[in-house]
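Structure record follows, encoded as structure tokens.
Protein chains: 2
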Amino acid sequence: ADDQAAPDRTSLAETERQAALLRDRALEGSAAYAIVESLTTEVGPRLAGTPDEARARDWAVAKLRALGFDDVRVEPFEMTTWVRGLETGAIVSPYPQPLLLTALGNSGATGPDGITGTLVPFATLADFAEAPAESVAGKIVYVGHAMDKTQDGSSYGFFGNVRRRGPAMATAKGAAAILIRSIGTDSRRFPHTGGTRFNDGQTPIPAAAVSNPDADQIERIVALAADGGTPVTVSLTLTPRVAGTTLSGNVIVDLKGSERPDEIVITGGHLDSWDLGTGAVDDGAGVAITTAAVKLIRDAGLTPKRTIRLVLWGAEEVGLLGAQAYARAHADEIANHVTGSESDFGAERIWKLHTGPVSDEGRALTARIARLLAPLGIAPGPENATSGGPDLIPLNRAGMPVLRLVQDGTDYFDLHHTPDDTLDKIDPAVLDQNVAAYAVLLWMVANSDVDFRRTGTGADG
Amino acid sequence: ADDQAAPDRTSLAETERQAALLRDRALEGSAAYAIVESLTTEVGPRLAGTPDEARARDWAVAKLRALGFDDVRVEPFEMTTWVRGLETGAIVSPYPQPLLLTALGNSGATGPDGITGTLVPFATLADFAEAPAESVAGKIVYVGHAMDKTQDGSSYGFFGNVRRRGPAMATAKGAAAILIRSIGTDSRRFPHTGGTRFNDGQTPIPAAAVSNPDADQIERIVALAADGGTPVTVSLTLTPRVAGTTLSGNVIVDLKGSERPDEIVITGGHLDSWDLGTGAVDDGAGVAITTAAVKLIRDAGLTPKRTIRLVLWGAEEVGLLGAQAYARAHADEIANHVTGSESDFGAERIWKLHTGPVSDEGRALTARIARLLAPLGIAPGPENATSGGPDLIPLNRAGMPVLRLVQDGTDYFDLHHTPDDTLDKIDPAVLDQNVAAYAVLLWMVANSDVDFRRTGTGADG
Ligand SMILES: [Zn+2]
Ligand SMILES: [Zn+2]
Ligand SMILES: [Zn+2]
Ligand SMILES: [Zn+2]
Numbered sequence: 043a044d045d046q047a048a049p050d051r052t053s054l055a056e057t058e059r060q061a062a063l064l065r066d067r068a069l070e071g072s073a074a075y076a077i078v079e080s081l082t083t084e085v086g087p088r089l090a091g092t093p094d095e096a097r098a099r100d101w102a103v104a105k106l107r108a109l110g111f112d113d114v115r116v117e118p119f120e121m122t123t124w125v126r127g128l129e130t131g132a133i134v135s136p137y138p139q140p141l142l143l144t145a146l147g148n149s150g151a152t153g154p155d156g157i158t159g160t161l162v163p164f165a166t167l168a169d170f171a172e173a174p175a176e177s178v179a180g181k182i183v184y185v186g187h188a189m190d191k192t193q194d195g196s197s198y199g200f201f202g203n204v205r206r207r208g209p210a211m212a213t214a215k216g217a218a219a220i221l222i223r224s225i226g227t228d229s230r231r232f233p234h235t236g237g238t239r240f241n242d243g244q245t246p247i248p249a250a251a252v253s254n255p256d257a258d259q260i261e262r263i264v265a266l267a268a269d270g271g272t273p274v275t276v277s278l279t280l281t282p283r284v285a286g287t288t289l290s291g292n293v294i295v296d297l298k299g300s301e302r303p304d305e306i307v308i309t310g311g312h313l314d315s316w317d318l319g320t321g322a323v324d325d326g327a328g329v330a331i332t333t334a335a336v337k338l339i340r341d342a343g344l345t346p347k348r349t350i351r352l353v354l355w356g357a358e359e360v361g362l363l364g365a366q367a368y369a370r371a372h373a374d375e376i377a378n379h380v381t382g383s384e385s386d387f388g389a390e391r392i393w394k395l396h397t398g399p400v401s402d403e404g405r406a407l408t409a410r411i412a413r414l415l416a417p418l419g420i421a422p423g424p425e426n427a428t429s430g431g432p433d434l435i436p437l438n439r440a441g442m443p444v445l446r447l448v449q450d451g452t453d454y455f456d457l458h459h460t461p462d463d464t465l466d467k468i469d470p471a472v473l474d475q476n477v478a479a480y481a482v483l484l485w486m487v488a489n490s491d492v493d494f495r496r497t498g499t500g501a502d503g
Numbered sequence: 043a044d045d046q047a048a049p050d051r052t053s054l055a056e057t058e059r060q061a062a063l064l065r066d067r068a069l070e071g072s073a074a075y076a077i078v079e080s081l082t083t084e085v086g087p088r089l090a091g092t093p094d095e096a097r098a099r100d101w102a103v104a105k106l107r108a109l110g111f112d113d114v115r116v117e118p119f120e121m122t123t124w125v126r127g128l129e130t131g132a133i134v135s136p137y138p139q140p141l142l143l144t145a146l147g148n149s150g151a152t153g154p155d156g157i158t159g160t161l162v163p164f165a166t167l168a169d170f171a172e173a174p175a176e177s178v179a180g181k182i183v184y185v186g187h188a189m190d191k192t193q194d195g196s197s198y199g200f201f202g203n204v205r206r207r208g209p210a211m212a213t214a215k216g217a218a219a220i221l222i223r224s225i226g227t228d229s230r231r232f233p234h235t236g237g238t239r240f241n242d243g244q245t246p247i248p249a250a251a252v253s254n255p256d257a258d259q260i261e262r263i264v265a266l267a268a269d270g271g272t273p274v275t276v277s278l279t280l281t282p283r284v285a286g287t288t289l290s291g292n293v294i295v296d297l298k299g300s301e302r303p304d305e306i307v308i309t310g311g312h313l314d315s316w317d318l319g320t321g322a323v324d325d326g327a328g329v330a331i332t333t334a335a336v337k338l339i340r341d342a343g344l345t346p347k348r349t350i351r352l353v354l355w356g357a358e359e360v361g362l363l364g365a366q367a368y369a370r371a372h373a374d375e376i377a378n379h380v381t382g383s384e385s386d387f388g389a390e391r392i393w394k395l396h397t398g399p400v401s402d403e404g405r406a407l408t409a410r411i412a413r414l415l416a417p418l419g420i421a422p423g424p425e426n427a428t429s430g431g432p433d434l435i436p437l438n439r440a441g442m443p444v445l446r447l448v449q450d451g452t453d454y455f456d457l458h459h460t461p462d463d464t465l466d467k468i469d470p471a472v473l474d475q476n477v478a479a480y481a482v483l484l485w486m487v488a489n490s491d492v493d494f495r496r497t498g499t500g501a502d503g
């Protein structure tokens, strides 16, 4: 901590010089990899609402204190917790063989003896939506899709609806169960889990995903069976259950602002993960990147004018429950949230900076930030960010502007929500590039007095 | 079938012209991919000795007949059949979390309630071999290793001993169970199964593999626990069982020789697979490549002087049982087996041609074959082949010379014996390159009168 870094002569030029210093220090090696290694090794999977997620909160409090942060706090909230059971499946006829499948979050159960039924296949969700209820009532629906890799991950919105909406649609049509092609872009036999949502008043039916290779196999068998005029019969056993009301929580630490401590620049990642992997890429990486970035600023002896708030969110995967709890608990404060930027899209390189709609002075500062990010291979994009990350959606809807450092998501949906989301998939040097970008962004915004809000409009402008 | 292809004026030059024609036809598209697609889709996994393998034999007989081969026969044999049960595991303390594991073939069972024990880790099989029995008695042994990718797959011999010999060693030292790092080169969470062998008189203990990511996790936790002075406790539940004596069989078809029908040029692949995947790469590909090559010769209207024998071997994975049954049943005929070449190393490109020790005239013909293979990117290697493929080991030991078309095995142990061994991993065009090479090899040897045996020595000479 040198004298020049003191906050009382922070002209914009000085702030930029400090940001460049933080950036270059991050590239020399940050704390990020050690943080995600610790979380994934010592806690492992941490499904929202379970004792595993509670251990993750304990880990986070202890780790943040060990990293030198005081005033670490947990904001708890209640939630309804779903837990996985057994999950097996098979093609019964005409070509008997096992299927590897995994229940979607909120899936109903088959009972321990499982169910067997005729498969009714659809190539797309739109095809299924048009099908009359009598064509699928009492049967097992299969819905495919053709999701492919995209660098920005944008096709997840469209194709992900097979998972998000397919099961409720199947329930409404009276289906016995639904199998979907995983929302994934790999050719590995791990199915991808993820949340689905049933409609109010619906009793959830069993809902599971099969891997892409198994979906290909189902579709080949469906075609052969159709040639032979025989039906395809499948069996599945899923025994998930609702464990009742339990506690989750957000873990929060502030790097307190020196001049405008009530103005908050919010960042973080989510602490919960799906239960199949150890949540390294989703979202141990985000926890690690943002924690390391805030630590880097503090370790440099820098105190921003505004408060930088790191939130390690609970229960993101199961419906942004931590985000909603925070927005409720901090409803009076939201107007003071200057910007938000969450890291929750893996562990690959950041390649662009997007913002949502911002003020003219916000746009000017973003351009200065982009200059500092350019040496990291990051280009500024148009004002089209729809959120600053999933956990910031409620705050963004309530008017908080967002800046988003977009990671390369080309391979993100290879691992997403599978057992394969483990530490070995993370490159420490790439994490450091992320830390460098977050440190620049957070320091530049938090050490400014720029108002990013467009006057007279909400953030959705 | 043109007139020029008739066998009665087959000078060497004419035979070479025909071989080149077969090669080029294969590259235009062979039957191989359709064969492996059919096997893996309509039969799927086919563990030796089970009804699934019996369905594979039925499939093979029907498929070979449909491809136009008559005189398809099955040579059955009896075997002791082991089948998989439940398999789950976990680190119990100090950092509780699930492990993904799979039983090794012949593993003992834990009983349905599983066992829990202290883990005793070893970095290598040699370290474990040196450990005194009292250090592991009643405990759960873990053995790691550092197998890396090789193009020729040669390191499988050395590192594979962790799987082949570790469990017998652990049983001899009184261990309660053994976990090994998978004999695999991938960073996916599918553990690799494969056979292990207990010593005569030993009662098999539970023996399982964990994936490389899980092995890394175990090793990280072992290191952390050692720092803290606490033991690592793991639990596992394995319920495999011996299903008793059942039938397996080899499926055989001959392309009968016109001049020397008793002289046999043997090829093929193995019909059984491990039960986790659909056995596309191991060894549906070998079945498909060699079947397609023989079909290509026959469909060209070519009849070789010698008989080409295609054997689709049963029960290879569990100890070369089909190979041994064949060698016993055909003991009187082995002297008439001219050469053997099995395809059982995946579905990637062939890059070299090796032979075992051969006669001078065999070496001369091999050089002619190598010229024909050169346009396929295949180079001849030294006389160091130790077998013509696993199922030809008994015949090779009994004196049959071997030629081996070596596939690129760089990625073979990524998929080997995992659920990920499925059809999507196979490129039809690459299969055709394999078919081209086998067609050349088989035609050149079977349409010659060259004796590959070195006089006065066995094949191991
Ligand atoms: Zn996430
Ligand atoms: Zn997620
Ligand atoms: Zn094999
Ligand atoms: Zn094998």
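Top to bottom, those sequences are chains B and G. Take the position in the first sequence, starting the count at 1, then add 42; the result is the number in the working numbering. Take the position in the second sequence, starting the count at 1, then add 42; the result is the number in the working numbering. We treat Cβ as the ideally placed atom computed from N, Cα and C, and that holds for glycine.
For this session: Could you spell out the range, first to last residue, of the alpha helix (DSSP H) harbouring B:P93?
Result: Taking the first residue of the first sequence as position 1, residue 93 of chain B is located at position 51. Secondary structure note for B:P93: its alpha helix (DSSP H) is the uninterrupted segment 93-108.
Problem set entry | Cβ contact (3+ pairs, closer than 8 Å) linking the region 395-414 of chain B and the region 361-371 of chain B | Result no; under three Cβ-Cβ pairs closer than 8 Å.
For this session: Please find out if some non-hydrogen atom of ligand 4 comes closer than 6 Å to the beta-carbon of G:E359.
Result: Within the second sequence, the letter at position 317 stands for residue 359 of chain G. Answer for G:E359: yes, Cβ within range of ligand 4.
Problem set entry | Residue interval of the beta strand (DSSP E) (run including G:R302) | Position 260 of the second sequence, counting from 1, holds the residue named residue 302 of chain G. Start and end: 302-312.
For this session: State the CB to CB distance for the pair B:D456 and B:G226, rounded to an integer number of angstroms; the pair is presumed to be in contact (CB under 8 Å).
Result: Locating residue 456 of chain B in the first sequence gives position 414, counting from the first residue. Locating residue 226 of chain B in the first sequence gives position 184, counting from the first residue. With a beta-carbon spacing of about 7 Å, B:D456 and B:G226 fall inside the 8 Å limit used to define contacts.
Exercise. Quick one: does G:Y480 have its CB under 7 Å from some CB of chain B?
Worked result: Numbered from 1 along the second sequence, position 438 holds the residue referred to as residue 480 of chain G. So, not an interface residue.
Exercise. With a cut-off of 7 Å, does the C-beta of G:A62 fall near any C-beta of chain B?
Worked result: In the second sequence, counting from the first residue as 1, residue 62 of chain G sits at position 20. Taking Cβ atoms only, chain B never reaches closer than 7 Å to G:A62, which makes this a no.
Exercise. What do you get for G:E403, buried or exposed, if any count of 16 or more other CB atoms within 10 angstroms of its CB means buried?
Worked result: Translated into positions along the second sequence, residue 403 of chain G becomes position 361. With fewer than 16 other Cβ atoms within 10 Å, it is exposed.
For this session: Given a cut-off of 7 Å, decide if G:A74 and G:I350 are closer than it, judged by their beta-carbon atoms.
Result: Taking the first residue of the second sequence as position 1, residue 350 of chain G is located at position 308. Taking the first residue of the second sequence as position 1, residue 74 of chain G is located at position 32. Inclusion of G:I350 and G:A74 in the CB contact set at 7 Å is not warranted, their separation being larger than that value.
Exercise. Do G:D453 and ligand 3 come close, with the Cβ less than 6 Å from some heavy atom?
Worked result: Stepping through the second sequence from its first residue, residue 453 of chain G is reached at position 411. Checking every heavy atom of ligand 3 against the Cβ of G:D453, none is found closer than 6 Å.
Problem set entry | Of the listed residues B:R205, B:S490, B:P417, B:F170, nearest to B:D239 (C-alpha basis) | Within the first sequence, numbered from 1, the residue matching residue 239 of chain B stands at position 197. The sequence given here places Arg at residue 239 of chain B; Asp does not occur at that position. The candidate whose alpha carbon is nearest that of B:R239 is B:R205.
Problem set entry | Whole-Å CB distance - G:F387 paired with G:G147, under 8 Å assumed | Translated into positions along the second sequence, residue 387 of chain G becomes position 345. Translated into positions along the second sequence, residue 147 of chain G becomes position 105. Contact between G:F387 and G:G147 is ruled out by a C-beta separation of about 19 Å, above the 8 Å threshold.
Exercise. Is the region 148-156 of chain B touching the region 333-350 of chain B, taking contact as three or more C-beta pairs under 8 Å?
Worked result: The region 148-156 of chain B, when compared against the region 333-350 of chain B, does not touch it at the 8 Å Cβ threshold.
For this session: Closer than 8 Å by beta-carbon distance: list the chain B residues that pair up with G:P461, in chain order.
Result: Residue numbering aside, residue 461 of chain G sits at position 419 when the second sequence is read from its first letter. Near G:P461 (Cβ distances below 8 Å), the residues of chain B are L142, R231.
Problem set entry | Between the CA atoms of G:G311 and G:T281 - distance to the nearest angstrom | Sequence index remark: in the second sequence, residue 281 of chain G carries index 239 (1-based). Sequence index remark: in the second sequence, residue 311 of chain G carries index 269 (1-based). Distance between G:T281 and G:G311, taken at the CA atoms: about 30 Å.
Problem set entry | Nonlocal neighbours in the same chain, by C-beta distance under 7 Å from B:N254, ignoring five residues either side | Position 212 of the first sequence, counted from the start, is the residue given in the question as residue 254 of chain B. Its chain contains R223, S224, G226, D228, S229 as the residues whose beta carbon lies nearer than 7 Å to that of B:N254, once the 5 sequence neighbours on both sides are disregarded; these appear in chain order.
For this session: Thinking G:E58 and G:N292 are a contact (beta carbons under 8 Å), I'd like their distance in whole angstroms, please.
Result: Looking up residue 58 of chain G in the second sequence gives position 16. Looking up residue 292 of chain G in the second sequence gives position 250. In fact, because the Cβ distance is near 32 Å, the residues do not count as touching under 8 Å.
Problem set entry | CB of B:D433 within 7 Å of CB of B:E384, strictly | Locating residue 433 of chain B in the first sequence gives position 391, where the first residue counts as 1. Locating residue 384 of chain B in the first sequence gives position 342, where the first residue counts as 1. Against a cut-off of 7 Å, the Cβ pair of B:E384 and B:D433 comes out as a contact.
Exercise. Quick one: which chain B residues come within Cβ less than 7 Å of G:I263?
Worked result: As a first step, residue 263 of chain G is located in the second sequence; it is residue number 221 there, counting from the start. Chain B residues near G:I263: T83.
Exercise. Are the C-beta atoms of G:D466 and some chain B residue less than 7 Å apart?
Worked result: Position 424 of the second sequence, counted from the start, is the residue given in the question as residue 466 of chain G. Taking Cβ atoms only, chain B reaches closer than 7 Å to G:D466, which makes this a yes.
Exercise. So, does the CB of B:P255 fall closer than 7 Å to a CB anywhere in chain G?
Worked result: In the first sequence, the residue the question calls residue 255 of chain B occupies position 213. Output row for B:P255: interface = yes.
Problem set entry | Nearest-angstrom Cα separation, counted from G:P138 out to B:L89 | The residue given as residue 89 of chain B occupies position 47 in the first sequence. The residue given as residue 138 of chain G occupies position 96 in the second sequence. Computed Cα separation, rounded: 13 Å.
Exercise. Is B:G237 close to chain G, meaning its C-beta is less than 7 Å from at least one C-beta of that chain?
Worked result: Counted from its first residue, the first sequence places residue 237 of chain B at position 195. Taking CB atoms only, B:G237 has no neighbour in chain G less than 7 Å away.
For this session: Pull out every residue of the region 439-458 of chain B whose Cβ sits closer than 9 Å to any Cβ of chain G, in chain order.
Result: Listed by position, the residues of the region 439-458 of chain B near chain G (Cβ gap below 9 Å) amount to none.
For this session: For B:N292, write down the residues that DSSP places opposite it in a beta bridge.
Result: If you number the first sequence from 1, residue 292 of chain B lands on position 250. Beta bridge pairing from DSSP links B:N292 with B:E117.
Problem set entry | Contact the region 457-466 of chain G vs the region 433-442 of chain G: 3+ CB pairs below 8 Å | These segments do not touch.
Exercise. What number of angstroms, rounded off, separates the C-alpha of B:E84 from the C-alpha of B:A98?
Worked result: The count along the first sequence starts at 1 and reaches residue 84 of chain B at position 42. The count along the first sequence starts at 1 and reaches residue 98 of chain B at position 56. Between B:E84 and B:A98, the C-alpha separation is close to 9 Å.
Exercise. Which chain G residues are close to B:Y137, counting only those with a beta carbon under 8 Å from its beta carbon?
Worked result: Along the first sequence, one-based indexing puts residue 137 of chain B at 95. Chain-order list of chain G residues neighbouring B:Y137: T83, E84, V85, G86, by C-beta distance under 8 Å.
For this session: Select from B:A217, B:R231, B:T92 the residue whose C-alpha is nearest the C-alpha of B:I247.
Result: Mapped onto the first sequence, residue 247 of chain B falls at position 205. Looking from the CA of B:I247, the closest CA among B:A217, B:R231, B:T92 belongs to B:A217.
Problem set entry | Identified DSSP bridge partners for G:L142 | The sequence position of residue 142 of chain G within the second sequence is 100, counting from 1. In the DSSP output, where bridge partners are listed per residue, G:L142 has none listed.
Problem set entry | Among B:V162, B:D493, B:M486, B:A249, the one whose alpha carbon lies nearest that of B:E56 | Walking along the first sequence from the start, residue 56 of chain B turns up at place 14. Distances from the alpha-carbon of B:E56 to those of B:V162, B:D493, B:M486, B:A249 put B:M486 closest.
Exercise. Got a sec? Which residues, its chain only, sit under 6 Å from B:F164 by beta carbon, not counting five neighbours each side?
Worked result: Counting from one through the first sequence, the residue named residue 164 of chain B turns up at place 122. If the five residues before and after B:F164 are omitted, its C-beta is found closer than 6 Å to the C-beta atoms of F170, V185, all from its own chain and listed in chain order.
Problem set entry | Inter-residue spacing [alpha-carbon to alpha-carbon] between B:A132 and G:L63 | Sequence index remark: in the first sequence, residue 132 of chain B carries index 90 (1-based). Sequence index remark: in the second sequence, residue 63 of chain G carries index 21 (1-based). Each residue's alpha carbon lies about 44 Å from the other.
Problem set entry | Nearest to G:A219 (by Cα), restricted to the options G:G202, G:G286, G:T235, G:T245 | Indexing the second sequence from 1 puts residue 219 of chain G at position 177. The residue with the shortest Cα to Cα distance from G:A219 is G:T245.
Exercise. By DSSP, does G:L221 sit in helix, in strand, or in coil?
Worked result: Residue mapping note: residue 221 of chain G aligns to position 179 of the second sequence, counting from 1. The three-state reading of DSSP puts G:L221 in strand, counting E and B together.
For this session: Sort out for me which residues DSSP pairs G:I157 with in a bridge.
Result: As a position in the second sequence, residue 157 of chain G is number 115, starting the count at 1. Per the DSSP secondary-structure output, G:I157 pairs in a beta bridge with G:L278.
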